[in-house]
Every structure is written in structure tokens, then in C-alpha cells.
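Numbering (this note's numbering), first residue to last: 14 to 382.
So, in C-alpha cells, the structure goes:
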């Protein structure tokens, strides 16, 4: 009898333990996965067609290279018409950052050829040392700013004896001082080149040490000239890794004279956490301007150029999966679905404020000229 009682109690304890164990095992499956609080309307779609939600918001492409090629300028207008008809987006104006081929010889001629829809920035792509007087002359000629190319020195120059390696070279100080004194902004300054994660460094600036050397040189200059307005092209390429994006957070939070454009960055968004990128853009919505880095592609295929513009609009305005990638194609990208007020600032409001421009009777006007 005693044996039976012990056996019975043993069975009861075993069953109780098994039930408790099963309960413990089941508990994790009942814990709900935490949803993103950043974009509650995130519903990715593979629909490749897109008619803009914002046909009345004017878009200023602040990073273009039509240069002094009047055929290209004419075709920019054609691309604008295609976009308006086919995608209902309003690509209205451009900032022409010049180019080493067919350089701008007359700001007024570009304005006339574009029907008043294009303004010019002086572009220097081989690093010259300008005096304060020369900077003032550029402003008097009607240029709204100066653009300099400080990518990797080995892509810029071949004569190492006269090489200016980084933008904080002391020989450039008079030029920056002259820009600061004349109120001439630094328009889409090119720094470094893409440097991705270990498995995707990129071909143009594969050395991370040199990449960060260039970024530090940029910070030195921005810090030294607090009254000089900087717009850094391509977000200073701090968009190929999430940690890089966090460093851009640091720069924008510390230097109120610093701004960035989005030109040619869209194809790298697949390397970033979508919510992190979206949160970054919303957080610094007053410091970011729209751009593409378009050049003369439209001379060969205006329809394709219009489609590439539409890709960028979809990335910013929707949560669609853009299979074609960014303006220069690439990996598929999930759209950011940015709020309308952010879209307005990026497309045109920030450009007008940062560069002291205004829109009047369908024309883009430099107020400080």
C-alpha cells in the first residue's frame, strides 16, 4: 500500500512538472514582436507605376551638371515636361554646378536658355587656389555659389608635386575666408567617395582610413569658418553604413552652417537600416536638399532620365519597393514614405532659404545677386 501511494505521488509530481515545463516553453511564442513606431503606415508594395501625390509641390534639383551645354539645358526642359505628363511630379528648377566639359561661360545665357528656371554655381574640379578678390568677382558675375571637388586626390590630379590632398590644406584659407566675407555659399562641395561595409567598400575610395581622413578635414574647415554656409554633396557619402549616418547626425547637430544634398545617394540606401535613414531625414529635415547628379544623360534618352527621376520621387514619397534602385539604378530600395512637410522642405523650401533664392512668375531668382 505504501509503495502504491509513493508511485501515485510520483506520477502526480511528474505530470505537474511536465505541464509547467510546457507552459514555460510556450511563453516566448506568446510575446508579440514590437512594431516600429517610426512609420506606422509602412506597407511595401512592388507596384512600379507611380503617379505623384504632390503634383503642386515644385521640385528644385540642386545638384545638376548641364554646364554650358545648351542642348542639354533644352533637354532638361523636355524631361520636366515628360515627368509632369507621365508621373504628375513638378520638376521645376535646377542648380547648374558646371562641369569640366563645356564649362559655363555666361550665367545670363544659361538663364535665358532655361527660360529662367536654372541658376548657376561656379564649379572647380581640379582644385585651384582662388583669392578673395576672385571669389567676389564670381559673385558679381551672377554665380550663386562655388562648388569644389575634393574627392580622392588620386582621382583628381596626377601631378603630386603640386598636390592639395585634403580640403583643410592651409593654402586654401584665403579662398574660404573670401567666401565667408562675401556671403558666397559652398554649393554641393564634393568630399571623399563611397566607402561601404567590409564586403562592399567600393572602387573609388576603398581605404576606410583615407575616407575618414577626408571627413575629418571637412569638419576642420566647417569648424574654422562658422559664417560660411556649406552644402555638402552626396551627404558627404556618410550613407553607406549606419555608423556613418550616425556620424552625420553628430556633424549636423554640432555645426549649424552645415547642410547636405541627396544627389547620387539613393542607390546606397539598401546598405542602411530603412527606419534609421527615415528617422535621420525627418530629424534633420531643415538641413537636407534634393539633388540627383544628373548630367547630359537626357541627350540620349529623355524618357529614361524622366523614369530615373521618378525612382527618386518614389523612394522619398512612398513605401513602394523600387526594384530599379535610385537615379543611377542599382539594388532595389524600399521607399521612405516621408511626411508631406518634410517632402516640401527637401524639394524646394530649404534650397530657397539656404541659397537666398525666390520663385517669382515661374522663374528661379537669386536674391543676393
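Where a beta carbon is used, it is the ideal one built from N, C-alpha and C, also for glycine.
Three-state secondary structure assigned by DSSP to residue i
| i | result |
| --- | --- |
| residue 307 | strand |
| residue 195 | helix |
| residue 111 | coil |
| residue 141 | coil |
| residue 245 | strand |
| residue 335 | strand |
| residue 118 | coil |
| residue 125 | helix |
| residue 359 | helix |
| residue 216 | coil |
| residue 329 | helix |
| residue 71 | strand |
| residue 106 | strand |
| residue 160 | strand |
| residue 254 | coil |
Cβ-Cβ distance between residue i and residue j below 8 Å
| i | j | result |
| --- | --- | --- |
| residue 119 | residue 148 | no |
| residue 359 | residue 301 | yes |
| residue 146 | residue 111 | no |
| residue 103 | residue 71 | yes |
| residue 284 | residue 209 | yes |
| residue 364 | residue 75 | yes |
| residue 356 | residue 329 | yes |
| residue 247 | residue 213 | no |
| residue 204 | residue 163 | yes |
| residue 180 | residue 231 | yes |
Assigned exposure category for residue i - 16 Cβ within 10 Å defines buried
| i | result |
| --- | --- |
| residue 211 | exposed |
| residue 250 | buried |
| residue 286 | exposed |
| residue 139 | exposed |
| residue 121 | exposed |
| residue 136 | buried |
| residue 176 | exposed |
| residue 125 | exposed |
| residue 222 | exposed |
| residue 40 | Note on residue 40: pLDDT 35, under 50, position unreliable in the model; the coordinate value appears next. Residue 40 is exposed by the Cβ-count criterion. |
| residue 95 | buried |
| residue 320 | buried |
| residue 46 | Any reading at residue 46 is ruled out, since the residue's pLDDT is 35, under 50, leaving its predicted position unreliable. |
| residue 381 | exposed |
| residue 266 | exposed |
Integer Cβ distance of residue i from residue j, believed to fall under 8 Å
| i | j | result |
| --- | --- | --- |
| residue 198 | residue 158 | 4 Å |
| residue 202 | residue 243 | 6 Å |
| residue 350 | residue 325 | Going by Cβ atoms, the distance from residue 350 to residue 325 rounds to 14 Å, so no, they are not a contact pair. |
| residue 305 | residue 281 | Wrong, their Cβ atoms sit about 14 Å apart, outside the cutoff. |
Proximity test, Cβ basis, 8 Å: residue i and chain D
| i | result |
| --- | --- |
| residue 239 | Of the chains in the structure shown, none is chain D; there is only one protein chain. |
(request) Only counting runs of 4 or more residues, tell me where the alpha helix (DSSP H) segments fall wholly within the stretch 268 to 314, in order along the chain. (result) 287 to 296
(request) Can you check the stretch 76 to 107 for any beta strand (DSSP E) of at least 3 residues that lies completely inside it and give the ranges in chain order? (result) none
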